[in-house]
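S.K.: Heads up: the sequence shown begins at 6 in my numbering, then just goes up one per residue. Ideal Cβ positions, reconstructed from N, Cα and C, are used throughout, including at glycine. From a predicted model like this one, the values you see are computed outputs, not experimental measurements.
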Amino acid sequence: EYIQIPELSDAYAYISLNSALAQAGIDPAQYQQILDMAKNIGQYYPTGEQLTSLISKYVPVILSGVTDQGTSTASVTASGVTAECTVYEATLDEKGAIAIVQALNDTVATDTELEAVLDNFGTLFAQLGQPMDLYEQLKATLAQTAQEASSSTADSTEYFDFKVFQDAEGNMAAFSMECYDAPGAIATDAPTINIKFPKSGDQIGFEASIAMEGEAYSITGAGTLADGKLSGSYNVNVGPQAVATITLTDVTTDAAADPVTGSASVQLVQSEMTQSDSTLQMLASFTPVCSWNFSKASKSGSLTLDIQTGGASLGTATISFAPAEITALGAPSAATSYNIEDDTQANSWISGFKIDALLANLQAAGVPESLINQVMGTGDPAAAGAAAPADGTAEAVEVEPAA
């Protein structure tokens with residue numbers, strides 16, 4: 006278990022994984038068991054054929070209690086992009102919900118295919134030390150719910166209203182769900198959900214919101230689709246206030262494409278929320294950028310996380326994978342590795358840190374001195390830079406012995 010951070014040091018830090026797990030209160034044997042299961046976790050998932058069969062079986066059961074309200078036409082607009090749509094509307098009231106529960110109870114009670122799928126998941130839970138019979142639990146829950154529903158008078162005036170918007174090309178452009186206490190009276194204690202993604206030419210608008218009891222959360226923005234890749238900017242809002250901006254660049258949207266590439270960044274917006282919290286205020290100065298490149302054909306890929314501030318990169322971490330023969334890796338030499346569980350060796354490792362490049366990036370990006378102090382844990386950043394040895398290494402930092 007060796008770690009190297011080339012930007013800070015050419016040396017390796019060693020820490021015993023078993024020791025680290027023990028300090029975290031994790032049983033190393035159980036951790037290894039989880040790793041072993043993760044290698045073969047696909048065997049617990051249902052096959053594509055099973056999923057298709059179950060969907061074909063249960064979608065009609067669920068729709069059996071829904072009342073078709075016919076069709077109409079409407080314009081869907083999101084972030085300046087508009088599409089003319091056909092609206093398909095349906096409602097679900099208490100009587101319909103009871104019918105669905107009873108139909109599900111009857112179908113699940115004799116469904117050996119569903120039983121096999123759930124038993125497979127049960128095997129996974131059993132290996133995690135939490136044995137359970139998921140199929141029997143589902144049957145018992147449905148049977149009890151159906152029995153309680155059978156005694157209901159079904160006289161409630163509450164109902165859900167669902168709308169699906171389809172554009173002229175046959176693509177889904179929006180979806181909405183509202184709960185009503187009575188016809189024309191929207192319930193305030195139930196969520197109202199609206200999702201819009203109209204397309205016009207190469208432009209795609211997007212608005213997703215959920216509102217309940219006077220609180221509203223939403224994501225709004227627009228993007229451009231070119232050669233099967235989406236680029237756009239989207240605001241995350243709490244009420245009317247934007248709190249973060251998500252930027253997508255050349256994100257592959259075609260599920261059949263190979264390779265799948267793209268990047269996404271998240272930037273907190275300077276707002277009352279960030280100004281009132283020192284941690285959020287500090288985080289608002291940084292922009293994490295995640296980029297990916299996965300190839301299904303070669304079964305290889307990479308995932309990169311780049312932390313930026315003011316457009317300058319502070320550090321990058323990349324995980325790459327590809328099919329290869331597993332070979333034993335030799336441990337680094339004693340001269341280039343330090344056991345950080347030993348205070349003396351930990352201090353030696355830290356004293357060799359090269360902080361000049363990191364400080365230069367921070368200062369070149371125009372990061373405020375107070376923020377550099379927080380990041381570097383130093384006093385005046387200029388003084389810190391001047392105090393650094395000519396070879397760019399850091400002064401030794403004493404590590405308090407463990408209690």
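1) Taking the continuous alpha helix (DSSP H) assigned at D111, which residues delimit it?
2) Check whether the Cβ of A317 lies closer than 7 Å to any heavy atom of the ligand FAD, and answer yes or no.
3) For Y239, which residues does DSSP report across the bridge?
4) Do G320 and E12 have their C-beta atoms within less than 8 Å of each other?
5) Would you identify the three-state DSSP class for V71, choosing helix, strand or coil?
6) Provide the residue span of the alpha helix (DSSP H) that contains D348, from first to last.
7) How is the alpha helix (DSSP H) around V122 delimited, first residue to last?
8) Measure the Cβ-Cβ separation of D166 and Y140 and say whether it is below 8 Å.
9) For T258, name the three-state secondary structure that DSSP assigns.
10) Within 10 angstroms of its Cβ, does I39 collect 16 or more other Cβ (buried), or is it exposed?
11) Would you tell me roughly how many angstroms separate the C-alpha atoms of A432 and Y222, rounded to the nearest one?
12) With a cut-off of 8 Å on the beta carbons, I'd call S80 and T72 a contact; round off their distance for me.
13) Based on the DSSP secondary-structure assignment, which residues constitute the bridge partners of L310?
14) Thinking A179 and F211 are a contact (beta carbons under 8 Å), I'd like their distance in whole angstroms, please.
15) At a cut of 8 Å, does the segment 91-104 reach the segment 115-132 through at least three beta carbon pairs?
16) Got a sec? Which residues, its chain only, sit under 6 Å from V265 by beta carbon, not counting five neighbours each side?
17) Considering only the beta carbon of each residue, do L147 and N110 sit closer than 8 Å?
18) What does Q246 pair with, by DSSP beta-bridge criteria?
19) For P136, which option in S283, A145, D124 has the closest C-alpha, if you only look at C-alpha atoms?
20) Whole angstroms is fine: what's the gap from D15's alpha carbon to E346's?
21) Rounded to the nearest angstrom, how far is the Cβ of S268 from that of D259, given a contact under 8 Å?
22) Rounded to whole angstroms, how far is the Cβ of S296 from the Cβ of F326, which I believe are closer than 8 Å?
23) Which of the three DSSP states, helix, strand or coil, is assigned to I2?
24) Hey, Q313 and V294 are a contact pair by Cβ (cut 8 Å); roughly how many whole angstroms apart?
25) Report the three-state DSSP secondary structure of K144 (helix, strand or coil).
26) Residues bridged to L40 by DSSP?
27) Taking the straight line between their C-alpha atoms, what separation do you get for I251 and G316?
28) So T197 is in the beta strand (DSSP E); what residue range does that whole segment cover?
29) With DSSP collapsed to three states, give me the class of A329.
30) Taking three-plus beta-carbon pairs below 8 Å as touching, is the segment 46-66 in contact with the segment 152-163?
31) Put S281 into one of helix, strand or coil per three-state DSSP.
32) With a CB to CB cut of under 8 Å and the five nearest residues on each side skipped, what residues in its chain are close to A104?
M.R.: With the given structure in hand:
1) 99-113
2) Among the components of this structure there are no ligands whatsoever, and the ligand FAD is therefore not found.
3) The secondary-structure analysis by DSSP pairs Y239 across a beta bridge with G226, I251.
4) yes
5) coil
6) 348-356
7) 117-132
8) Contact check for D166 against Y140 fails: the beta carbons are separated by 8 Å or more.
9) coil
10) exposed
11) Since the first and last residues shown for the chain are 6 and 408, residue 432 lies out of range.
12) With 8 Å as the limit, S80 and T72 do not qualify as a contact, their Cβ atoms being about 25 Å apart.
13) C295, A322
14) With 8 Å as the limit, A179 and F211 do not qualify as a contact, their Cβ atoms being about 10 Å apart.
15) Too few Cβ pairs lie closer than 8 Å, so no.
16) T257, F299
17) It is a contact, given that the beta carbons lie within the stated cut-off.
18) Per DSSP, V243.
19) The residue with the shortest Cα to Cα distance from P136 is D124.
20) About 19 Å.
21) Rounded, the Cβ-Cβ distance is 17 Å, inconsistent with contact.
22) Not confirmed; about 15 Å, so no contact.
23) In the structure as shown, the chain starts at 6 and stops at 408, and residue 2 therefore has no counterpart that could be examined.
24) 6 Å
25) helix
26) According to DSSP, which records beta bridges pairwise, L40 is partnered with nothing at all.
27) 15 Å
28) Element bounds for T197: 197-201.
29) coil
30) no
31) coil
32) S69, G70
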